[in-house]
Amino acid sequence: MPRDVHVILTTHWDREWIQSYEEYRYRLVRLFDKALDILEAEPELCFVADGQTVLIDDYLAVRPANRERLQALTRAGRLVFGPWYVLGDQFLACDEALVRNLAIGFAQAADYGGAMREGYVPDSFGSVAALPAILNGFGITSANLGRGSQTGRQDRSQHLFWWQSADGSRVLALDIGYGNGLALSYPDIWANIAHTPATPALALEAAEAILAHQAPGFPTNAVYASAGVDHMELRPGMGAILAHLNQALPDTFFASTPARFLDAARGEVEAQDIQLETVAGEMRGDEISPMSLQGVLSTDMHLKIGNRRAELALTRLLEPLNAALYGRAYDHADVIRHAWKMVLQSQPHDSICATNDDSTMQDIHARVRSVNELAQLASERLLHEALPEVSAAPPALPELVLFGGWPGGGTLTADTLVRLPQRLGAARYTVLNNNGNAVGALSVLAERQMDLETYYAADRTLLRLNVKENTAKADTATYTLARLEVNLPAASLGFHTLQLEDAHANPSQFPADDTHLENDLLALDVAQDGRLMLTHKPSGRISEPFGWFEDMAEAGNAYDSLRVAGDQPRYSFDEARVTSRLVRCDAVAQELLVTTRWQLPADLVGWDWPARRVWPPAEVAAQRSSELVTLEIETLLRLAAGSERLEAVTRLDNNARLHRLRLGMYSASREDVVAGGHFSAMTRPWGGPTRPMTDWLRLGDGFTFSGAGLYEYEARAPSSEVLVTLLRSCDCLGPAAGVNFEDLRSPLALGPHELRYAFGFSDCAAAAARWAASYLSPVLAHGSPAPMPALPQALAQLEHPALVLSALKRSDDNRAWIVRFWNASDKALVTEVDLGLPAERCQRVMLSEEPTGTRTPELLAPGRVRLQVDAHEIVTLRFSD
C-alpha cells in the first residue's frame, strides 16, 4: 500500500556549543538568508526552525530588513517556529522554567504566524514525566521525542504511542530515535558537504531505506522522515528531489511539519481505532535500553548552582514580591520577562549541560551571573520603593520588614544582608517579632554615605566597596549595612515586620559542644570519623549515618561519566582525618565546623586517549596515580533555634583531577527513594544508574535532603547508600561532540567550590517538597525610617497539606494574579486557597493562562476560594479585581 511520507526539512540549532554564540549566529544568519531565498523560489517547501523562537531574535538583530519576508513565510505556514522559546534541557530547568519557556515562545510566535503546536523535543537529553501535562496546559496534544524515549515500552518497533502524565494528561508521541535526520538531504555530513549535493539517485536510495526500515514502525499510512541535523542548512533543489521521488516510487513524498504529521496520524488512529501502547513516566531509557548522556547532570556544578539560584530568585522572590506590591511600587513585569529570557538563554541543553569548550562556558557563566544580579537588584528596589520615605526625624531604631517564607514550609530561617537608611548607635541588636518575642539578632557590618549611586546599588555591592567610614555625614544621610539572622516559626509567604532593641545576653537553651548541636526539634551528633546522626526529638526518629563523602575515579567526559575498571569507592570515614569544633552557641543558632583532610590520588594514569573513546559509556582501563594530594573539606553545620532542618555549607578547593566526589547518607528502609521532580514527586527503585532530582530527596525512613543545583543522585543497592554528586572532574567534551571535537577542553572542576544543603525529616512527599521550598526560597529585608504600611502577611495559602505551591506572580497580561500549585497525592481532594490580596473574581486557567471555562472555584470571600483538585493535578488560578 502506498504511503504518505511527511518529509520534515529542518535543522537542529545549538546557539552555543563547540563554537561561541556569536560564531553560531554568523552561521545562523547565513542559514536563514538561504532559507528565505529557497522558500520563496520553491513554494512547495516548508522549513522547521528547530522548535524555538529565540532564533527570530538572533536573526533579525543582524538582518532587521528581512522581518517582513520572515513574517510572510511564517504566516503562510511555510517557515515554522516554536512552541519553545529555546530548545532546552528539561531535567536541568525547573518546572516553572518549562512553563515560561513555552509562554514566551507562544507570545513571540504570535507575530509570526503562531507557534507550532507540537511538543518538539527530539534532541533533549531525556524528557520529564510531567511533560504531557505541561504540553496539554498550552493546548498541545502531541510530542516529538528522540532520546531516552524507550522507558517502559513493550513494543519498541512502533514509532507511535500514547504518553501519559500522572494526572491523566496525555499526548500522541512520536519516537524515531536519535540520529535519523539525514534522510534525503546530505548523504554524508562526515565529508566535504560543499561537494555532496543531494542528487536524485542518492535521494532515491535514502527514500527506499526509509520505506524499508522506518515505515514499518508506523501503524498509520502517514510516515515521518526527518531531513536535517545539527546546524544543517536548507538545500536548494529539494522540491525537484521530492518530485523525482514521486515519479520513481508509488508512495507520496511531500514537505511537511511535525505538527501536520501528528495531526494526520491522529486522524488515522481515531478513524480506524488503531490501538497504541500507553506509556507513563519519564523518558530516560531503562535497563533494556539505557540512555547515554546522563553525566550532564553533574558537569560544571558552578553553572548548575548559579542557574538554580536564578530560577529561585525569580519564582520565589521577585515574582511573588512584584505580585504582592502591585500598585504600590514601580511595576517590574517587563523586567521579569527580560530576566526570564536571560535564564532561558542559558538553558539550551549544550549550554546548561556545560558541554562546551572553556571559552564558551565563560560566556554562559557571565550570563547566569548577570541575571542573578539583576533579580537581586530589582527585588531590593521593589521593596525599598514600597516603604516610607526617609524621615527628617527618624526613630532611634528603625523597623525592619522581611519578605519571604513558603506556605507550609515551617520555620523561616533567614541569614541575610539588610540595609537600614540611617546610622545606628551600637554594633549589635536583638530582633523582636510583633509579639515582642526575641527571634534573632542584627550585627552591623559597615556604613556607607547616601548618594545617587549608593541609592541604586545592590546591598552586596555596597558591602564590597573599600571605603573609609564617613562619620561627618548626618545619621539620616548614612546607610547601615548589617547581617540579619531571624527564625520565624510557621512563617507564611509574605511580609514580616520586625523591631530592634538593644542587644542583651541571650544564651542558647540547649547544650552544645564539639560533637553535639541541639534545638527544641533536632539533635545532631558527630562521630569521630565525621559521620553524622540526626534525632527528631518530637517523634524519636533517628537517622542512619550521613554527611560523609565518597570519592571515585572519573574517566568520563562532559556528557558521560565513565568508571575505571576495578576502581572501588573511597570513604572519608575510612581514610580521612576528621576534626570538629563548636564555633557558635547562642539563642539564634548553634554551629559546628567539621574539617575533613583526605589524601586522594592526584590524577588517572595508565591510559591513552583511544581507550577513552567509549560509546556507549562503559568502563575504562586505567589506574589512579600513586601521587597524592590533600583535599581539605570544611563543612559548617548550623542548627537555628526552632528550625526543622540542619543546614550545611561545604567549602573545598579541589586540587585532584578526574574524580567524582559525592555526599553520602544511609537509609534504614529499602522503600523506594522519592525525588523532587517537575510538578511531581518521582518514586524510583534502588539500584540502576544515577538519577535526576530537583531540590530534594526523601528516603523511605523519612530522612530528607535538600540542595539547590545538586541534580544527580544514586540509590546504591544492596549497601543502602544514597549518594549526591558534589563535583565531577572531567577534562574533555567526549565522543558525543563529534570526532573532531571530542578532545576539546571542558571543566576539570579544579579550584574552590561552595555547596549548600540541608537535612531533616518529613512525613510524606508533599511535606518534603514544602520543607525544601522553605529552605531554598531567598528572603529580602530592608529597614524603614517610619512606621510600616499595612502589607500582606500570608500570601497564596493552601489549606490542604497535599498541595505544593509552585508560583505566585502577576499574569502574563499583567491584569491579574496567578497562583499555581500541584497535588502531590494520588487522591482527589477539596481545598481552600487564599490569595491574601483583595480579589473579587477567580477562574481556573490553563498553564498558558487561557481560561478553561470549566470547574469555576467557589468564591468564599475576596481572594479566598474553594475548589476540587484531582489526583496529581496542576492547578492554575487567575485572581482579578
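Sequence positions in the sequence shown follow the working numbering and run 2 to 882.
For every residue, glycine included, the Cβ atom is placed at its ideal position computed from N, Cα and C.
Query                                                                                                                                                                                       : Result
Assuming contact is defined by CB atoms lying nearer than 8 Å, are M239 and L46 in contact in what I supplied?                                                                              : yes
Cα-Cα, which of F82, M683, S150 is closest to Y113?                                                                                                                                         : F82
Buried or exposed for D58, going by 16 or more other Cβ atoms inside 10 Å?                                                                                                                  : exposed
For T726 and L263, what's the separation of their Cα atoms in angstroms?                                                                                                                    : 39 Å
Go through its chain and collect everything with a Cβ distance to V280's Cβ below 8 Å, but skip five positions before and after it.                                                         : T152, G153, R154, F162, W163, W164, Q165, A174
For V630, tell me which candidate among V584, G643, G735, A577 has the shortest Cα-Cα distance.                                                                                             : A577
Of the choices I9, L861, Q844, whose alpha-carbon is the least far from that of T877?                                                                                                       : Q844
State the DSSP-derived secondary structure class of T580, mapped to helix, strand or coil.                                                                                                  : strand
With DSSP run on the structure shown, which of helix, strand or coil describes Q600?                                                                                                        : strand
Going by DSSP in three states, A439 sits in which element: helix, strand or coil?                                                                                                           : strand
Tell me which same chain residues have a C-beta within less than 7 Å of the C-beta of R68, skipping the five on either side of it?                                                          : L61
Leaving out five residues on either side along the sequence, give the residues of the same chain with a beta carbon under 6 Å from the beta carbon of T361.                                 : E17, S21
State the start and end residues of the unbroken beta strand (DSSP E) segment that holds R420.                                                                                              : 413 to 421
Given A603, which residues of its chain have a CB within under 7 Å of its CB, disregarding the five upstream and five downstream residues?                                                  : S626, E628, L629, V630, A657, R658
Report the CB separation of D15 from Y25 in whole angstroms; it is logged as a contact under 8 Å.                                                                                           : 7 Å
Could you say which of A439, Q348, L443 lies nearest to L425 if we only look at CA atoms?                                                                                                   : L443
If you draw a straight line from the C-alpha of S812 to the C-alpha of Y225, how long is it?                                                                                                : 38 Å
How many whole angstroms separate the CB atoms of C731 and T300, which I take to be in contact at a CB cut-off of 8 Å?                                                                      : 7 Å
Please go through the same chain and pick out, in chain order, the residues whose beta-carbon is closer than 6 Å to the beta-carbon of V129, but skip the five residues on each side of it. : Q91, E283, H679
Tell me which same chain residues have a C-beta within less than 6 Å of the C-beta of W341, skipping the five on either side of it?                                                         : R101
For I819, which of helix, strand or coil comes out of DSSP?                                                                                                                                 : strand
Which class does N323 belong to by DSSP, given the choice of helix, strand or coil?                                                                                                         : helix
Measuring alpha carbon to alpha carbon, tell me which of H873, D124, Q869, G837 ends up nearest S881.                                                                                       : G837
Look up A281 in the DSSP assignment and say whether it is helix, strand or coil.                                                                                                            : strand
Sort out for me which residues DSSP pairs I634 with in a bridge.                                                                                                                            : T597, L653
Going by C-alpha distance, which of V55, R571, V675 is nearest R663?                                                                                                                        : R571
Specify whether the region 531 to 542 and the region 688 to 698 touch according to this definition: at least 3 beta carbon pairs, one from each stretch, less than 8 Å apart.               : no
Tell me which residue opens and which closes the alpha helix (DSSP H) that L29 is part of.                                                                                                  : 22 to 42
Is the CB-CB distance between H873 and D168 below 8 Å?                                                                                                                                      : yes
Three Cβ pairs or more, each shorter than 8 Å: is that satisfied between the region 791 to 808 and the region 754 to 767?                                                                   : yes
Looking only at its chain, what residues have a beta carbon closer than 7 Å to the beta carbon of P793, apart from the 5 residues adjacent to it on each side?                              : A325, G495, F496, G837, L838
Could you round the C-beta distance between G120 and A144 to whole angstroms and report it? I think they count as a contact, below 8 Å.                                                     : 3 Å
Provide the residue span of the alpha helix (DSSP H) that contains M2, from first to last.                                                                                                  : No alpha helix (DSSP H) holds M2; DSSP gives it neither H nor E.
Residue range of the alpha helix (DSSP H) that H303 falls in?                                                                                                                               : 302 to 314
Mapping DSSP to helix, strand and coil, what is W772?                                                                                                                                       : helix
Can you check whether the CB of P84 is closer than 8 Å to the CB of F139?                                                                                                                   : yes
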